[in-house]
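Going down the list, the protein sequences come from chains V and P. Throughout the first sequence, residue numbering follows the numbering used here, covering 1 to 457 in sequence. Throughout the second sequence, residue numbering follows the numbering used here, covering 1001 to 1289 in sequence. We put the beta carbon where it would ideally sit given N, CA and C, even for glycine. The structure displayed is predicted, hence computed values, not measured ones.
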Amino acid sequence: MAALTTGSFLRKVSVPGSGAAGGGGARLRSIAGTRPSVQNGQLLVSAGLPALDQLLGGGLAVGTLLLIEEDKYNIYSSLIFKYFLAEGIVCGHTLLVASAKEDPGDILQELPEPLHDDNYKKVLDEGRSHKSQEEPEISMKIAWRYQNLPQMEAGPGTSSRFGHYYDVSKRMSQEVIQSAKWHKFFLPEEITSYANVESCALNHGYTKLLHFIQRVISEQGFDGSNPQKKQKNILRIGIQSLGSPLWGDDICCADTPEHMHSLTRFLYVLRGLLRMSLSACIITVPSHLIQNKAVTSRIRNLSDTVVGLESFIGSEKEANSLYKDYHGLIHIHQIPRLNSLICDVSDTKDLAFKLQRKVFTIEWVQDNYLRQERNIYPPGFSYLLKQKDSAWGEGSLQHSTFLMSFLAKTTAFASRLVRHCEPLKQTGSGGIRQTAEPGMWHDGRRQRAPGLLGIAT
Amino acid sequence: MLQILASRGDLVLLRDSVEWEGRSLLKALIREVALKGEQVQVLGCEVSEEVFREGLDSDTNSRLVYHDVFRDPQGWTGNWGPLGILRACLRGAEPGPCTLAVDSLSWLLLHAPCSALCQTLRALGHDNSHPGRVRVLGLLHEDVHGPGPLGALRSLAQIEVTVGGNLGFTTAQVFHPKPRHRSIEQTYWFSILPNFSLEFHKETLLEPRPHRGPQSPTVDAMADLTFNVHLSKKEREARDTLALPFHFSSEKQQSLLHPALASSTSQIFYEPDADDYLDQEDPDDDLDI
């Protein structure tokens, strides 16, 4: 990723006006539609949904792979796929769309239309006014600091041109689509003969797709091999329903597939191609069809960011009153740790999405301050609190006694573990006495706190 | 029922099982389509042509174009395997809206790789000579296959019809997934007459077979609680007027600003304990300030 680090460094240096002298990479302006991450300086592109960007830690890093595990009927995952492509067109990036099911030209015709700032506020308010008619706002007397917690996605004013907003009910206009630069890979057109010309290592369709991507990257200069005089740009790759039987792969059809490693090898090579070029890739995989769990976990490990969608269509969760406002759940399975040891994004979230008429919103289930503090309250309690005229509201006797007893129980459990251990043997002067906290107990065995001298137990 | 199946470019899966066979429903649908004047291509794999044509009237039979695989399942007489014949079904068809009925997708799944079959079905549905006007009706025996191939075909299909039956009536559950809670899911009760016409009945005759298992429409967590969840009006008023202890109200401010007024109400009573050690010397005496 040498190109990226030099880019982020060079951007801070003020360049004297060199005018028409423009050599190859001496002057690197920032690429449209990208911004450096505030956490680790990585170059990020938007995934098309600002709420999703926020969940992924600011955006999708350039050179990484976003894997979407499709929902059962591939309705909402194709929507996220289209958001990604639409964002690419709006930012002026080059697109590469590959599919075995639909013609990529048809996919591009169905992209949502971008919204301008003032339109978006109107659309959001429409959505919110519906909601507020159903539940009146409960003003909080004790926890008044939590009253005005911000919603999931910040408004257009604060995101400063990084993510754009789209209106799902309208299509992107033809002129904008025509002006975009894109490459297409449609499998039935590439493979015209049905003879089994499979190499033992990789599926025929996958091999062709990899060659195609490599050709586009090297010819168009996304990997720096063809030094461009003009502005550097990002290549956005979108591959739809990879691993489905339409690609000629049978990991979705059979319990013991013949070419089990086809898809994993493809992902490995693809990630290599992505890392050495200025590109970002989104792949949707119908992982609900994959019977072998080992294959699913391998696919997740080989991708950088993994987001799973679970829709409520035809499932028994549709009847559950907890989920009646939403259309499905989002699970963030994996976030990459790029150039760092940990990722900054917390992984305890209950996220649900709903597709309103115009926007796709992601929210915490029962967006309630207590739900976020789930290490204090048990899951069912916030549901009791949210009932109209609940006797369990804050400030009530029931609430405080419940709290005291619940907290007492949790700490008593932890202290019970401590009391049964051997007394500590002191070494040295005994100045530092290791105190036991509930947090030190994992798997029933006390672990040493980092940074202290080793004390034998 | 055919209005639901009216959309084109779709794969419609007819799933039957050991308990209730679906071939009669397939033939009934073919009859309905043929009565509208359309030509129907049939790929017959499981039963012979005579058995298939039996029971259908002459009008329908004249509009059926039958491609027989049953006679030669291994493809010894020609060069094409079963998938090749499937692909060739539409080649001789007249231009215009076209329906292709596959007698059984299960047979094809057992004789051809699943991925190749899916690719062929998709190519058929989007055939260039009949742009967007081909409808494929496929019969699938769901007991025969594992969840893998079933799931793959279900993801390819736009409409699923599950055939079942109860006490002499046939049921068909039609499921057409769409976004935003708008999916169409409907159960039809009918009986198939000997000439393969459909006679629909009201649903209230018998209790419907549960689709998602026994579940009440709304899960009410508030029922059967041993404690009180809701407040009465009086209780709510009392709660609202309650002064919270840590609110900095004006009374508290007054009491802090004017401690003299409050000193009479708050006093500290001290009883010296026997173990208390009261040192008469004041250690602050040593300080020289």
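Under the DSSP assignment, V:E219 falls in the alpha helix (DSSP H) whose first and last residues are H204 to Q220. One Cα belongs to P:L1225, the other to V:L403, and the distance between them is close to 19 Å. Looking at the backbone, the Cα of P:L1256 and that of V:I342 are separated by about 50 Å. The beta-carbon distance between P:A1093 and P:D1059, rounded to whole angstroms, is 18 Å. This is too long to meet the 8 Å contact definition.
Assigned with DSSP and collapsed to three states, V:A32 falls in coil, not helix or strand. Around the beta carbon of P:P1147, a 10 Å sphere encloses fewer than 16 other beta carbons of the protein chains shown; the residue is thus reported as exposed. For the 8 Å CB-CB criterion, V:S279 and V:I237 form a contact.
Residue burial annotation: P:W1107 is buried, with at least 16 other C-beta atoms found within 10 angstroms of its C-beta.
P:Q1041 sits buried, since 16 or more C-beta atoms from the chains shown fall within 10 Å of its C-beta.
The Cβ atoms of V:L111 and V:I283 do not sit closer than 8 Å to each other. In this structure, DSSP gives V:L273 a helical state, which the three-state scheme calls helix. Going by DSSP, P:D1068 is part of the beta strand (DSSP E) stretching over L1064 to D1068. Non-local beta-carbon contacts of V:F84 in its own chain, meaning distances under 8 Å to residues more than five positions away in sequence, involve A47, G48, L66, R236, G238 and I282 in chain order. Interface annotation, P:G1078: not in contact with chain V, CB-CB separation never under 8 Å.
In its chain, beyond the 5 residues on either side, L56, G57, T305, C343 and V345 have a beta carbon closer than 7 Å to the beta carbon of V:I335. The Cβ-Cβ distance between P:L1153 and P:L1013 falls below 8 Å. The C-beta of P:C1089 comes no closer than 8 Å to any C-beta of chain V. Listed along chain V, the residues sitting closer than 8 Å to P:A1152 by beta-carbon distance are S244, P245, C252, C253 and L289. Secondary-structure assignment with DSSP links P:N1166 through a beta bridge to P:F1169. Any Cβ of chain V closer than 8 Å to the Cβ of P:G1164 would place that residue at the interface, and such an atom is absent. For the alpha helix (DSSP H) assignment, the uninterrupted runs of no fewer than 4 residues enclosed by the segment 1066-1119 of chain P are, from N- to C-terminal side, 1082-1088 and 1105-1111. P:F1269 counts as exposed, since fewer than 16 other beta carbons sit within 10 angstroms of its beta carbon. In the three-state reduction of the DSSP assignment, V:C281 falls in the strand class, which pools E and B. Closest in alpha carbon position to P:A1116, among V:F353, V:G224, V:I330 and V:D250, is V:D250. Any Cβ of chain P closer than 8 Å to the Cβ of V:G314 would place that residue at the interface, and such an atom is present.
At least one beta carbon of chain V lies nearer than 8 Å to the beta carbon of P:H1230.
Approximately 5 Å separates the beta-carbon atoms of V:S244 and V:P286; this is inside 8 Å, confirming the contact. Shown here, V:L79 sits in a helix according to DSSP, grouped into three states. Shown here for P:D1103: same chain residues with a beta carbon closer than 8 Å to its own, the five before and five after excluded, namely R1023, L1026, V1042, L1043, G1044, C1045, E1046, V1047, F1052 and L1139 in chain order. Contact annotation: in the segment 72-86 of chain V, residues whose CB is within less than 9 Å of a CB in chain P are K72, Y73, N74, I75, Y76 and L79. Contact annotation for P:C1045 against chain V: no contact, minimum CB-CB distance about 19 Å [criterion: below 8 Å]. For the segment 324-338 of chain V, the set of positions with a beta-carbon nearer than 9 Å to some beta-carbon of chain P reads K324 and H327 in chain order. Straight through space, the alpha carbons of V:L274 and P:L1121 are spaced by roughly 33 Å. Not a single CB atom of chain V sits nearer than 8 Å to the CB of P:S1106. The DSSP-derived three-state label of V:H399 is helix. Residues of chain V whose Cβ lies closer than 7 Å to the Cβ of P:S1017 do not exist, since the nearest Cβ in that chain is about 18 Å away.
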